[in-house]
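Quick note: the sequence shown uses numbering that gives the first Met the number 0, first residue 0, plus one each step. One structure below.
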Amino acid sequence: MASSALVDLVCLTFAAWTLLCHAAVYFGASLRQLSAAAALLALAGLLRASRAGSLRDAARKLCGTRAFQPEGRGEAWLWPLAAVCALAVAVARRPDSDDCLYLGFAAGMAAEPGLPVLGADTLYGIPGLPMLLEVYRVHSIEALYAATAWLSGLPAIAVSHLALAPVWGALVPLAYARLFRLLDARRWLLGTLAAALFLILDGGAHGGFGNLAFVRLFQGKAVFLSVFLPLILAYALRFALAPSLLHWVLLAAALIGAVGATGNALWAGPLLAGLALASVWRPNLKATATALAGLAACAYPLALALALRADVHAGVSANLAFAAGRELELLRGTLGYVLGGGWQAAALLAAPLLAAAAWRAGLGAGLSAWLSLGFILLFNPLSGPWAALNVTSPSNYYRVFWILPFPVFVGLAAIAAARRTLRPAARPAARAAAAAVLLAALFPTRLALSRANGTTLGLPALKVPDEYPLIGMLNAALPERRVAAPVEVSQWLVTQERHAYPLLVKDMPFDSLSRRIGPDAVADRARLMAHLGGGRPARLPSRALADAVPRYGLEGAVFDAGLPWAGEIRATLEEARFYLKGSLYGYEVWGR
0 MASSALVDLV CLTFAAWTLL CHAAVYFGAS LRQLSAAAAL LALAGLLRAS RAGSLRDAAR
60 KLCGTRAFQP EGRGEAWLWP LAAVCALAVA VARRPDSDDC LYLGFAAGMA AEPGLPVLGA
120 DTLYGIPGLP MLLEVYRVHS IEALYAATAW LSGLPAIAVS HLALAPVWGA LVPLAYARLF
180 RLLDARRWLL GTLAAALFLI LDGGAHGGFG NLAFVRLFQG KAVFLSVFLP LILAYALRFA
240 LAPSLLHWVL LAAALIGAVG ATGNALWAGP LLAGLALASV WRPNLKATAT ALAGLAACAY
300 PLALALALRA DVHAGVSANL AFAAGRELEL LRGTLGYVLG GGWQAAALLA APLLAAAAWR
360 AGLGAGLSAW LSLGFILLFN PLSGPWAALN VTSPSNYYRV FWILPFPVFV GLAAIAAARR
420 TLRPAARPAA RAAAAAVLLA ALFPTRLALS RANGTTLGLP ALKVPDEYPL IGMLNAALPE
480 RRVAAPVEVS QWLVTQERHA YPLLVKDMPF DSLSRRIGPD AVADRARLMA HLGGGRPARL
540 PSRALADAVP RYGLEGAVFD AGLPWAGEIR ATLEEARFYL KGSLYGYEVW GR
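As structure tokens, this is what we get:
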């Protein structure tokens, strides 16, 4: 099957899965019922395909007449590149605590397949506690991990890290090839290769595209940025250039699938699609009608965004504070978080201008110009605070950079350096600028796959800290029982099925939890966890732990044995009739 047909088919399939998940959430269906519905839908598709004559004929009808034909000489090189990308995901291990919350959703669904999908919180073991944020209920990627885990008998974390993450990795160059075939039909492979290399190499900043790609493709937001973002741009351009029902459905599917990967796609997906459509628009009736039809494909994510807006703001209202007069500080901090510093950051920021100037006209120029305009409208001292409070939240303001997809611009820079159709007078300057962009992209200040970036390479393994066996020991000793533990232990507990219940999973101030147990209790839990260890341990009065045992119904505790007050903690636990269950990696596990 041609790569374009394959990636189209994956996009359509994941969008259908996402719609099924949303229906399951709305009607309160269980994971068992969701899986059965998906199986019936797949069976119906296969039966329909068999009636069409063959799977090949069905795919040809769905994805076009070239579905099984080679797509040029570069196609033979695209598949090895996809294999390299899948291998990079498999061998790279860069644990990320942000993964714990989402893996907790998947593990909870897999452990209780008879409960409503994403119907209530499964992390804390508090009866009646709703999902920490309503927007998490639009996710379908965790339900995919859960369903696969339930059907296969594998742990959800193994499905996410070892089974499906490499698949997403292989799809990355296929998705970018889908876009670059439109931007430059002759040199699309060069653009795809440059974009993929940038994502493999770039580890210069924690919030950069490289650190949200192959080292984190087990997370939904990374899948959105690395797979669905280029597909949204490609399908929007394709529909604008050749409007048809199939092209419209593909655009809608990419937008829906993106929402299934991350709730951030509720705003980022439609904005990217709208900017791509605008880049092709011309002031005439036909082009206007086409653009409006393309925008109609954004209706579903926009409707969800409007429906969930109030719930999301209520859920993180404590995180929606922004002090006046700190606008420039917000912009500077965001720049450093996404691009780091130095000449590499300046070169990457200039990449969209290079892409727009090198072509003067055409898809590359228009797309670069409109994406830059959309970014500038959100990233400036005047509208930046509004965007932080109403679109992303201040702590996640860096995500406005998702409207400025540097891998696309790096690919365009590589193509610009090789083009011979540039104006003779502009060639030296354009190629020098392209060389600077490529140097910045391919020689970052820190490599994504390096120990300096927190990444180790080896045989495929779970992307977890070295101390992860402690998590397994604790969950085996105290399944579904309340435990007090430092944050670095608590956050990983929920990544396994039938886990112990931590006091807190994430330090983000979720108001749904505060409303259920009270803000004072949330703060008290955080202090107790710091008393037991963590990056910044803080000693509490001697009776604090003893009083917390009956107050929270604690049946277990974990603490850093190297703390100066570790002896005091042991004495308190012995007095509460806890006993030592084991010790590992410098931690002691106590329980009743």
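For every residue, glycine included, the Cβ atom is placed at its ideal position computed from N, Cα and C.
*Using the beta-carbon count (16 or more within 10 Å), is LYS285 buried or exposed?*
Counted from its first residue, the sequence shown places residue 285 at position 286. It counts as exposed.
*Relative to the C-alpha of CYS10, which residue among ASP519, HIS246, GLU496, GLU326 is closest?*
As a working note, residue 10 is residue 11 in the sequence shown. Of ASP519, HIS246, GLU496, GLU326, the residue nearest in Cα terms is HIS246.
*Looking at the structure shown, is TRP589 part of a helix, part of a strand, or coil, going by DSSP?*
To locate residue 589, count along the sequence shown from 1; it is residue 590. In this structure, TRP589 counts as strand in the three-state DSSP scheme.
*Reduced DSSP secondary structure (H/G/I, E/B, other) of PRO115*: Residue 115 sits at position 116 when you count from the first residue of the sequence shown. Three-state result, PRO115: strand.
*Round the Cβ separation of ARG136 and ASN263 to the nearest angstrom and send it over; I've been treating them as touching at under 8 Å.*
The residue labelled residue 136 in the question sits at position 137 within the sequence shown. The residue labelled residue 263 in the question sits at position 264 within the sequence shown. Actually they are not in contact, since the Cβ atoms of ARG136 and ASN263 sit about 14 Å apart, beyond 8 Å.
*So who's on the other strand from GLY555, going by DSSP bridges?*
Here residue 555 refers to the residue found at position 556 of the sequence shown. DSSP lists VAL482, GLY590 as partners of GLY555.
_If you measure between the beta carbons of ALA346 and ALA435, is that distance less than 8 Å?_
For the purposes of this step, residue 346 is taken as the residue at position 347 of the sequence shown. For the purposes of this step, residue 435 is taken as the residue at position 436 of the sequence shown. Result yes, Cβ atoms of ALA346 and ALA435 sit closer than 8 Å.
*From this set, LEU181, HIS160, ALA241, ARG237, which residue's C-alpha is nearest ALA272's C-alpha?*
By 1-based counting over the sequence shown, the position of residue 272 is 273. Of LEU181, HIS160, ALA241, ARG237, the residue nearest in Cα terms is ARG237.
*When you compare only the Cα positions, how much space is there between LEU198 and ASP519?*
The residue labelled residue 198 in the question sits at position 199 within the sequence shown. The residue labelled residue 519 in the question sits at position 520 within the sequence shown. Going by the C-alpha atoms only, they are around 43 Å apart.
*DSSP state of THR261, grouped into three classes?*
Residue mapping note: residue 261 aligns to position 262 of the sequence shown, counting from 1. Three-state DSSP puts THR261 in coil, outside helix and strand.
*At a cut of 8 Å, does the region 97 to 106 reach the region 225 to 232 through at least three beta carbon pairs?*
no
*Along the chain, which unbroken stretches of the alpha helix (DSSP H) at least 4 residues long are found entirely within the region 441 to 467?*
none
*asked:* Pop quiz: PRO478 and LEU403 are said to be a contact at Cβ under 8 Å. What is the actual Cβ separation, rounded to whole angstroms?
replied: As a position in the sequence shown, residue 478 is number 479, starting the count at 1. As a position in the sequence shown, residue 403 is number 404, starting the count at 1. The Cβ separation is near 46 Å, so there is no contact.
*Find out if the Cβ-Cβ distance for the pair PRO501, ALA484 is shorter than 8 Å.*
If you number the sequence shown from 1, residue 501 lands on position 502. If you number the sequence shown from 1, residue 484 lands on position 485. Going by C-beta atoms, PRO501 is nearer than 8 Å to ALA484.
*Just the Cα atoms here: how many angstroms apart are LEU503 and ILE125?*
Taking the first residue of the sequence shown as position 1, residue 503 is located at position 504. Taking the first residue of the sequence shown as position 1, residue 125 is located at position 126. Distance between the alpha carbons of LEU503 and ILE125: 12 Å.
_Assuming SER394 is part of the beta strand (DSSP E), what are its boundary residues?_
Position 395 of the sequence shown, counted from the first residue, corresponds to residue 394. From DSSP, SER394 is part of no beta strand (DSSP E); its letter is neither H nor E.
*Tell me, to the nearest whole angstrom, how far the beta carbon of GLY561 is from that of GLY585; I am working on the premise that it is less than 8 Å.*
What you label residue 561 is simply residue 562 of the sequence shown in a count that begins at 1. What you label residue 585 is simply residue 586 of the sequence shown in a count that begins at 1. Confirmed, Cβ separation roughly 6 Å.
_Applying the 10 Å Cβ sphere with the 16-neighbour rule, what's the burial state of PRO94?_
Position 95 of the sequence shown, counting from 1, holds the residue named residue 94. So PRO94 counts as buried.
_Cβ-based burial, ARG177 [other Cβ within 10 Å; buried from 16]_ = Working through the sequence shown from its first residue, we reach residue 177 at position 178. By the 10 Å Cβ count, ARG177 comes out buried.
*Can you tell me the Cα-Cα spacing of PRO549 and VAL482, whole angstroms?*
Counting from 1 along the sequence shown, the entry for residue 549 is found at position 550. Counting from 1 along the sequence shown, the entry for residue 482 is found at position 483. Roughly 12 Å between the two C-alpha positions.
*Taking the beta strand (DSSP E) that LEU579 falls in, what are its first and last residues?*
Taking the sequence shown and counting its residues from 1, the one referred to as residue 579 is at position 580. Start and end: 578 to 583.
_According to DSSP, simplified to helix, strand and coil, what is ASP201?_
Counting from one through the sequence shown, the residue named residue 201 turns up at place 202. Note: ASP201 maps to strand in three-state DSSP.
*Candidates GLN343, GLY341, ALA344, SER367: which alpha carbon is nearest LEU353's?*
Here residue 353 refers to the residue found at position 354 of the sequence shown. Among GLN343, GLY341, ALA344, SER367, the Cα nearest to that of LEU353 belongs to SER367.
_Backbone CA spacing between LEU544 and VAL488 [nearest angstrom]_ = Working through the sequence shown from its first residue, we reach residue 544 at position 545. Working through the sequence shown from its first residue, we reach residue 488 at position 489. Computed Cα separation, rounded: 17 Å.
*State the Cα-Cα distance for the pair LEU572 and ARG542, rounded to the nearest angstrom.*
Against the sequence shown, residue 572 aligns to sequence position 573. Against the sequence shown, residue 542 aligns to sequence position 543. Each residue's alpha carbon lies about 11 Å from the other.
*Grab the span of the alpha helix (DSSP H) containing VAL6 for me, first residue to last.*
Your numbering for residue 6 matches position 7 in the sequence shown. It spans 2 to 26 - the alpha helix (DSSP H) in which VAL6 sits, taken as one unbroken run.
*Taking VAL608 as the reference, which of TYR467, SER513, VAL166 has the closest Cα?*
No answer is possible for residue 608: it lies beyond the span of the chain, which begins at 0 and ends at 591.
*Using alpha carbons as the reference points, say which of GLU554, CYS20, LEU249, LEU469 lies closest to ALA575.*
Taking the first residue of the sequence shown as position 1, residue 575 is located at position 576. Out of GLU554, CYS20, LEU249, LEU469, GLU554 has the C-alpha closest to the C-alpha of ALA575.
_Taking the beta carbon of GLU141 as the centre, do at least 16 other beta carbons fall within 10 Å, making it buried, or is it exposed?_
To locate residue 141, count along the sequence shown from 1; it is residue 142. By the 10 Å Cβ count, GLU141 comes out buried.
*Roughly how many angstroms lie between the CA atoms of ALA75 and ASP559, to the nearest whole one?*
Walking along the sequence shown from the start, residue 75 turns up at place 76. Walking along the sequence shown from the start, residue 559 turns up at place 560. Answer to the nearest angstrom: the Cα atoms are 54 Å apart.
_Distance check for GLY152 and GLU496, CA to CA, integer angstroms please._
Locating residue 496 in the sequence shown gives position 497, where the first residue counts as 1. Locating residue 152 in the sequence shown gives position 153, where the first residue counts as 1. Those two C-alpha atoms are separated by around 11 Å.
*Short check: CB of THR259 to CB of HIS138, under 8 Å?*
Counted from its first residue, the sequence shown places residue 259 at position 260. Counted from its first residue, the sequence shown places residue 138 at position 139. The displayed chain sequence assigns Gly, not Thr, to residue 259. Yes; because the gap between Cβ atoms is below 8 Å, this pair is in contact.
*Below 6 Å CB to CB, which residues in the same chain sit around PHE374 once its five sequence neighbours on both sides are set aside?*
Along the sequence shown, one-based indexing puts residue 374 at 375. If we look at PHE374 and ignore the five residues flanking it on each side, its Cβ neighbours are ILE402, LEU403.
_Output needed for LEU631: all residues of its chain with C-beta closer than 8 Å, excluding positions within five of it in sequence on either side, in chain order._
Nothing in the structure corresponds to residue 631, since the chain is present only between 0 and 591.
_Whole-angstrom distance between CYS20 and THR261, CA atom to CA atom_ = Against the sequence shown, residue 261 aligns to sequence position 262. Against the sequence shown, residue 20 aligns to sequence position 21. For THR261 and CYS20, the distance between alpha carbons rounds to 13 Å.
*When PRO536, ALA556, VAL557, LEU40 are compared against GLU563, the one with the closest alpha-carbon*: Counting from 1 along the sequence shown, the entry for residue 563 is found at position 564. The sequence as given places Pro at residue 563; Glu does not occur at that position. For the residues PRO536, ALA556, VAL557, LEU40, the minimum Cα distance to PRO563 belongs to PRO536.
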